[in-house]
Amino acid sequence: VCSSDLGTTSTSLQVVGVNSSAYIGGNVGVGTTNPSSKLHVVGNANITGIISTATLNNVIFGNYSEKIINGGNTGAATTLGLSTCSYFTYTLDQTTVFTFNATGVQSGVFGFAIQLKNGTGGPYSITWPVSVYWPDGGSVPSRSTTAGRTDVWSFTTIDQGTTWLGNLALTNYTV
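Quick look at the structure:
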């Protein structure tokens with residue numbers, strides 16, 4: 419779809435289908451100050467190659483989901499490649515040191531989560547990167563330690579991973 423196919427008065431571009439690609443340019447209303455300008459992504463659409471130096475506002479995603487990496491057991495050291503996805507699942511099977519590899523993370527706000535299930539034989543301790551800042555005076559929140567229980571940890575950065583705000587988002591689930 420080219421901007422000439424949309425006309426110069428269009429304020430909406432709809433990409434529908436499997437593996438659809440679109441160039442967004444010209445006067446399609448994307449990244450303008452017009453509050454009614456929208457990019458609609460419906461169904462199983464895949465938009466690739468959107469690079470913009472302008473602000474992209476009013477984007478609506480239908481059926482949006484994030485890639486999940488099931489990392490299996492943590493082992494003694496676990497490195498999370500943050501350019502690959504933003505949701506990780508692991509089973510804590512021994513004392514573990516986490517490392518966050520933010521290479522390739524774009525500037526702006528970036529967040530990810532770790533769903534961490536307690537394995538048998540614990541409780542095992544977790545060492546988080548020193549770049550993580552915790553709430554309530556800087557102490558790591560208390561987590562569940564019972565075998566089979568699951569916690570979800572969330573992390574956010576605004577400086578491409580130099581510093582992280584960490585939090586125990588959900589705790590003590592049986593899943």
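Per the numbering used here: the sequence shown ends with 593, consecutive numbering throughout.
By construction, the Cβ of each residue, glycine as well, lies at the ideal position given by its N, Cα and C atoms.
Only a predicted model underlies this, so the values are computations on that prediction, with no experimental measurement involved.
- For Thr-521 and Leu-498, the gap between their C-alpha atoms comes out near 10 angstroms.
- The residues Val-570 and Ser-572, in chain order, have a CB closer than 6 angstroms to that of Ala-587 in the same chain once the five nearest residues on each side in sequence are set aside.
- Residue environment: Gly-480 is assigned as exposed (fewer than 16 neighbouring CB atoms within 10 Å of its CB, all protein chains considered).
- Asp-569 has Leu-534 as its beta-bridge partners, per DSSP.
- For secondary structure counted as the beta strand (DSSP E) over 3 or more consecutive residues, the stretch 483 to 518 holds these complete runs in sequence order: 486 to 491, 495 to 499 and 505 to 510.
- Annotation for Glu-484: Ser-504 and Tyr-505 place their beta carbon closer than 6 angstroms to its own, counting only its chain and skipping 5 residues before and after.
- According to DSSP, Asn-585 shares a beta bridge with Ser-572.
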